[in-house]
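Numbering (this note's numbering), first residue to last: 202 to 554.
From the three backbone atoms N, C-alpha and C, an ideal C-beta is built for every residue, glycine too.
Because the structure is a prediction, the values reported are computed rather than measured.
For reference, the structure is listed below as structure tokens.
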Ligand code: NAD
Ligand code: TDX
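Dropping the structure here:
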């Protein structure tokens, strides 16, 4: 058994994104023993939104540094300035559809960005490096079967190929330079503050605004869904107890077909807003399929459950209901994201940093 790691000062790359901000809120609001510094290192691309961190922005344990992970000098300076002992790496280009239209930035951020971080860790080998990756690296399942940590990599989109590359680099740096690394591969996250280019928030907002609900192909593709706070809890456990050099799968044990999710969202929005379900159902629009669309993802997460005692705490039904409610209750966040005005807020507050 490896001794538990003490996490004092942590650098979160991509902390202004969906999962990164959930992790930071979890750490600062739900882990009272955490007394160190939590540094959010983020370039604030279109997906980065500091409004996601409004609840913790004044916490003295929190700091924000606007920076690109490809800027090795800035990453290293930040690590020195805050005496960082742990990096959790979430910064990435994360949307599959965007990777189909413009792969280059995915290669730059996801592959080269990870390389630059690893070079910094190589020079500071006391830093532990946890890499957050995706189940999409394993490719595509048929009607049955589950991805395990031993499943061969077989990525099918430019996004998943870039994530697979970054996973290989992390593994290779761990082996070659004996630095302390761990990797997690998780399934589709959902929950509050999710950018509305992704299926669940897009469908909720389009329902609320009576816009078409675009379902790719016949909507029969299956994903496993993990509530983002359950993921944050798993990541915090992994930072402390994940074994050096190991990979852990994280899943929500909630496989659903896309069309069934969309129909459930329609029902939940209709209930919450006293609207006719029939009217909202008519918004469902089948559109041409995503090229190379993986049919099914499903995860065997018994390793993290057995080794670390982690279990997802939210059923999909509860998590989705809470998520729909969150979007209804947080219209200012939604309208800032949809109008793009969250970018102006960032420019005003951080232009000179
Ligand atoms: P996101 O797109 O919401 O956020 C990404 C964040 O990274 C943003 O804040 C963005 O500003 C930042 N960023 C992008 N390029 C950067 C750069 N060059 N330098 C510094 N910061 C940069 O992504 P997410 O959904 O929160 O995903 C986080 C991580 O988890 C990613 O690595 C993704 O591959 C992985 N992942 C996500 C899911 C999911 O369902 N969302 C599932 C599995 C794995
Ligand atoms: O408008 C849509 N209509 C639709 O049918 C969108 C945006 C998606 N879909 C389908 C495609 C997928 O089968 O819904 C499913 C989910 O799509 P996304 O939300 O785009 O997620 P996915 O492509 O599965 O990838 C997500 O999970 C794994 C994250 O974006 C990745 O970052 C993560 O690695």
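Check: Backbone CA spacing between residue 289 and residue 315 [nearest angstrom]; Outcome: 11 Å
Check: Member of 437, 489 and 534 whose CA lies at the smallest distance from the CA of residue 229; Outcome: 437
Check: Which of helix, strand or coil DSSP assigns to residue 456; Outcome: strand
Check: Under 8 Å between C-beta atoms of residue 385 and residue 364; Outcome: no
Check: Bridge-paired residues (DSSP) for residue 450; Outcome: 386
Check: Euclidean distance between Cα positions of residue 461 and residue 537; Outcome: 29 Å
Check: Check: residue 456 C-beta below 7 Å from any heavy atom of the ligand NAD; Outcome: no
Check: At least three beta-carbon pairs within less than 8 Å, the stretch 284–299 to the stretch 208–225; Outcome: yes
Check: Under the three-state DSSP convention, the category residue 415 falls into; Outcome: strand
Check: DSSP beta-bridge partners of residue 267; Outcome: 243
Check: Range covered by the alpha helix (DSSP H) that runs through residue 431; Outcome: 429–442
Check: heavy atom of the ligand NAD below 7 Å from residue 430 C-beta; Outcome: no
Check: Residue 484 vs residue 407 beta-carbon contact at 8 Å; Outcome: yes
Check: Pairwise C-alpha distance: residue 543 and residue 246; Outcome: 11 Å
Check: Among 263, 493 and 355, the one whose alpha carbon lies nearest that of residue 301; Outcome: 493
Check: Integer Cβ distance of residue 332 from residue 382, believed to fall under 8 Å; Outcome: 7 Å
Check: Residue 489: CB within 7 Å of a non-hydrogen atom of the ligand TDX; Outcome: no
Check: Beta bridge counterpart(s) of residue 487 as assigned by DSSP; Outcome: 416
Check: Nearest to residue 354 (by Cα), restricted to the options 503, 345 and 341; Outcome: 341
Check: Within 8 Å, strictly: CB atoms of residue 417 and residue 490; Outcome: yes
Check: Rounded separation between residue 249 and residue 223 - CA only; Outcome: 12 Å
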